[in-house]
Amino acid sequence: MTQQKGAFEGRIGGGDGLEIQAEAEVRAEQERHRLLAGLPQLGRLLEQEGIQRLLLDYPRSWVSDALRGLLADRRGRLKAGEEAEIWAVDSERWETKAREKLEDRERPRLVRVINATGVVLHTNLGRAPLGRLACDRLQDLAGAYTNLEFDLQRRERGSRQSLLESALCAVTGAEAALVVNNNAAAVMLMLQAMSAGREVILSRGELVEIGGSFRMPEVMEVAGVRLREVGTTNRTHVRDYEQAISAETGLLLKVHRSNFVIEGFVKEVEAEALVELGHRRGVSVMVDQGSGMLMEPPAHWGERGWSVRALHRAGADVVTWSGDKLFGGPQCGVITGKAFWIKKAAKLPIARALRVDKLTLAALEATVQVYARGDDVAWRDIPVLSALSTDAEALYEQAELWVQRWRDPLKRGGWSLSWEKAEARVGGGSLPALTLPTARLCLGSEVHSVSLFEGSLRARTIPIIGLLDRGCLWLDLRTWLSGDAEVVLCLFEEMAEAREGLQSHREKRPHREK
Ligand SMILES: *Cc1c(COP(=O)(O)O)cnc(C)c1O
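Structure below.
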């Protein structure tokens with residue numbers, strides 16, 4: 001203290017005004033020191049009654065961390081002159097604030113959200129939600145030992161890969177199957193297995209980037225194969241592939257354009273024609289199908305011949321697809337095709353690095369079992385397929401009911417509610433051109449800030465993700481899952497009550513699921 005005062009005096013020298021200013025500074029400095037000196041010691045805080053209560057609920061080191069954080073925060077504020085109040089050692093605020101920190105520390109970072117975006121396969125929202133059967137299976141197996149690699153009949157080591165193989169073959173029409181971590185891994189593994197050190201022929205119209213770092217040319221480099229591009233961006237003919245085939249050729253590859261469309265003067269070679277060429281010239285054909293759509297979709301989806309089954313019927317040697325896109329299962333990559341190639345791939349060292357765990361296999365098996373019961377069962381019980389096939393009229397009706405029930409109560413809370421017909425997208429790199437008619441609820445307000453409100457929805461225990469457009473918040477009904485309506489109902493109740501404004505429902509504890 002004295003040292004600092006001395007430093008001030010030494011610096012300023014003469015002039016009355018300057019001296020007065022310096023004195024004020026010194027007083028402020030003294031006051032800061034008084035406040036800082038008033039900060040309690042960590043040891044004393046740990047002994048106080050409220051903090052002792054915290055110690056019953058949380059490990060001592062966590063409580064200490066929380067208090068240290070609070071002390072540092074207080075010190076910073078006092079130093080910066082942002083606050084001028086001493087919290088006594090026995091203040092209740094230490095407990096309250098520390099409890100908040102401790103609760104936040106244990107709050108899961110990965111949480112259920114409500115997808116009200118109308119994008120059925122939203123990559124940012126974790127793609128496909130699992131169906132009931134898969135969830136039940138996970139519940140049964142997650143905390144248990146399993147026969148993951150134990151042959152129960154022979155009492156010997158078994159293979160995790162063979163558990164699901166025959167079921168996958170039955171629903172796809174393939175001869176063999178292998179499951180890896182995701183479709184990117186499936187493509188990489190198969191390129192290596194089928195064409196290491198050799199050329200892979202691919203149309204320039206299919207040199208795609210699926211997002212992030214999955215770009216076909218780079219994937220090929222990593223897999224140790226050489227890319228041989230043929231055709232042009234918009235047009236590729238069978239003769240382009242044929243002329244490129246040489247002694248160097250290891251594979252003909254076809255990649256689904258999952259996230260973009262090429263329109264106009266276009267020509268691509270259908271899988272069937274490519275298979276015919278490959279087999280005539282003794283070259284294998286692989287199709288990166290992507291979506292995992294097993295059966296032929298309705299005609300208006302405009303995707304004839306792209307189902308996994310159709311590709312196998314056409315004779316593709318290998319088809320790779322994602323488990324968590326239109327197939328509606330867990331994240332994984334499924335490789336279906338000729339046993340020769342699949343056996344070869346399974347033996348590569350890299351296959352081990354790409355293998356899946358029991359939870360993935362459990363969810364995948366349950367999903368496959370839904371398909372095994374028939375296409376109609378899959379359209380009903382696979383959540384993404386059911387969301388995509390819901391009749392628009394049914395959604396319009398639901399929207400109308402919501403508006404009739406809630407327009408007046410919400411109005412009293414300062415909100416307007418209406419609905420509108422709109423277009424929902426499939427998303428998730430599956431069917432870029434397809435949109436489906438849908439219904440969206442529209443929340444607007446003259447008194448509340450809609451964008452603040454949108455932020456508050458994302459901060460809830462079960463965040464609700466909608467769309468901001470034209471000054472309103474839109475909640476698309478097509479992507480709601482079972483149980484979501486109840487959560488929105490609770491929200492509307494809060495909004496109807498919260499006449500005094502936003503604050504009240506932001507701070508209110510969100511409702512828990514029953
Ligand atoms: C989605 C997709 C991929 C990547 O699949 P992931 O499961 O995300 O790794 C690769 N190829 C195509 C054609 C796709 O649609």
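Take 1 as the starting number for the sequence shown in this note's numbering and just add one per residue.
Beta carbons: idealized from backbone N, C-alpha and C, even for Gly.
Euclidean distance between Cα positions of Gly429 and Leu401:
Each residue's alpha carbon lies about 33 Å from the other.
Specify the secondary structure class of Gly337 as computed by DSSP and reduced to three states.
The three-state reading of DSSP puts Gly337 in strand, counting E and B together.
Report all residues from its chain with a CB closer than 8 Å to the CB of Ala351; omit the five preceding and five following residues, and keep chain order.
Result list for Ala351: Leu178, Val180, Leu189 and Ala345, in chain order.
Might you give, ordered along the chain, the residues of its own chain that have their beta carbon closer than 8 Å to the beta carbon of Ile51, omitting 5 neighbours on each side?
Excluding residues within five positions, the ones whose Cβ falls inside 8 Å are Leu45, Val63, Leu67, Trp94, Glu95 and Ala98.
Does the region 348-362 come within contact of the region 259-279, defined as at least 3 CB pairs closer than 8 Å?
Contact fails: fewer than three Cβ-Cβ distances are below 8 Å.
CA-to-CA distance, Val269 to Pro383, given in whole angstroms
So the alpha carbons of these two residues sit roughly 33 Å apart.
Pick from Arg127, Arg226, Asp57 and Glu31: whose alpha carbon is nearest that of Ala84?
Ala84 has its Cα closest to that of Glu31, out of Arg127, Arg226, Asp57 and Glu31.
Would you please state the rounded distance, in angstroms, between the beta carbons of Leu251 and Met220? I believe it to be under 8 Å.
Wrong, their Cβ atoms sit about 10 Å apart, outside the cutoff.
Tell me where the alpha helix (DSSP H) around Leu54 begins and ends.
Taken as a continuous stretch (DSSP letters only), the alpha helix (DSSP H) holding Leu54 covers Glu49 to Asp57.
Cβ-Cβ distance between Arg440 and Trp474 below 8 Å:
Yes, these two residues count as a Cβ contact at 8 Å.
Which partner residues does Leu178 have in the DSSP bridge list?
DSSP, once it has assigned bridges, lists Ile335 as partnering Leu178.
Can Asn529 be considered in contact with ligand 1, in the sense that its beta carbon sits closer than 7 Å to one or more heavy atoms?
The structure shown has nothing for residue 529, since the chain only spans 1 to 514.
Quick check on the burial criterion: 16 or more other C-beta atoms within 10 angstroms. Buried or exposed for Asn115?
Residue environment for Asn115: buried (at least 16 other C-beta atoms within 10 angstroms of its C-beta).
CB of Gln256 to nearest heavy atom of ligand 1: below 7 Å?
Checking the displayed sequence, the identity of residue 256 turns out to be His instead of Gln. Taking 7 Å as the cut-off, the C-beta of His256 counts as close to a heavy atom of ligand 1.
Quick check: does the Cβ of Ser322 come within less than 7 Å of any heavy atom belonging to ligand 1?
Shortest gap from the CB of Ser322 to any heavy atom of ligand 1: under 7 Å.
Can you find at least 3 beta carbon pairs, one from the region 282-289 and one from the region 312-324, that sit closer than 8 Å?
The answer is yes - the region 312-324 touches the region 282-289, with three or more Cβ pairs under 8 Å.
Residue interval of the alpha helix (DSSP H) (run including Pro463):
Segment: none, Pro463 is in no alpha helix (DSSP H) and carries neither H nor E.
Less than 7 Å between C-beta atoms, sequence neighbours within five positions excluded: which residues of the same chain meet that for Gly69?
Excluding positions up to five away in sequence, the list reads Lys101.
Taking Arg112 and Ile462 to be in contact with their CB atoms under 8 Å, please state how far apart those CB atoms are, rounded to whole angstroms.
Between Arg112 and Ile462 a beta carbon distance of about 6 Å is seen, short of the 8 Å cut, so the two are scored as contacting.
Determine whether the beta carbon atoms of Gly173 and Arg373 lie at a separation below 8 Å.
No; because the gap between Cβ atoms is not below 8 Å, this pair is not in contact.
Taking the beta carbon of Arg228 as the centre, do at least 16 other beta carbons fall within 10 Å, making it buried, or is it exposed?
So Arg228 ends up on the buried side.
If contact is defined by three or more beta carbon pairs under 8 Å, each pair taking one atom from either stretch, is the region 275-286 in contact with the region 133-153?
Two segments are said to touch when three or more pairs of C-beta atoms, one from each, lie closer than 8 Å; by this definition the region 133-153 does not touch the region 275-286.
For Ala142, I'd like the list of residues in its chain whose CB is within less than 7 Å of its CB, leaving aside the five on either flank, ordered along the chain.
If we look at Ala142 and ignore the five residues flanking it on each side, its Cβ neighbours are Leu359.
Which of helix, strand or coil does DSSP assign to Asn147?
Asn147 sits in coil when the DSSP states are folded into three classes, being neither helix nor strand.
Any heavy atom of ligand 1 closer than 7 Å to the CB of Gly429?
Yes; taking the cut-off as 7 Å, the Cβ of Gly429 has a heavy atom of ligand 1 nearer than that.
Is the separation between the beta-carbon of Leu133 and that of Ala366 shorter than 8 Å?
Leu133 is a Cβ neighbour of Ala366, given a cutoff of 8 Å.
Kindly say whether Phe260, judged by its beta-carbon, lies nearer than 8 Å to any beta-carbon of chain C.
Within the model displayed, chain C is absent; a lone protein chain is all it includes.
CB-CB length for Lys385 against Val426, believed under 8 Å
The residue you asked about is not Lys; residue 385 is Leu in the sequence shown. Not really, about 11 Å apart at Cβ, beyond 8 Å.
Out of curiosity, what's the CA-to-CA distance linking Trp406 and Leu417?
Distance between the alpha carbons of Trp406 and Leu417 is about 7 Å.
Find out if the Cβ-Cβ distance for the pair Arg75, Leu42 is shorter than 8 Å.
No.
Quick one: residues in its chain with C-beta nearer than 8 Å to the C-beta of Glu272, no 5 flanking neighbours on either side, listed in chain order?
Excluding positions up to five away in sequence, the list reads Gly305, Ala314 and Gly315.
Which two residues bound the contiguous beta strand (DSSP E) that contains Arg267?
Checking the sequence, you will find Lys at residue 267 rather than Arg. Following the DSSP letters along the chain, one finds Lys267 in no beta strand (DSSP E), marked with neither H nor E.
Status (buried if at least 16 other CB within 10 Å, exposed otherwise) for Ile20
When all chains shown are included, Ile20 counts as exposed.
Evaluate Gly118 with the Cβ neighbour count: other Cβ atoms within 10 Å of its Cβ, from every protein chain shown; 16 or more gives buried, anything less gives exposed.
By the neighbour-count rule (16 or more Cβ atoms within 10 Å), Gly118 is buried.
Val230 and Arg204 closer than 8 Å at C-beta
It is a contact, given that the beta carbons lie within the stated cut-off.
In this structure, how does DSSP classify Met190 when only helix, strand and coil are distinguished?
Here Met190 sits in helix by DSSP.
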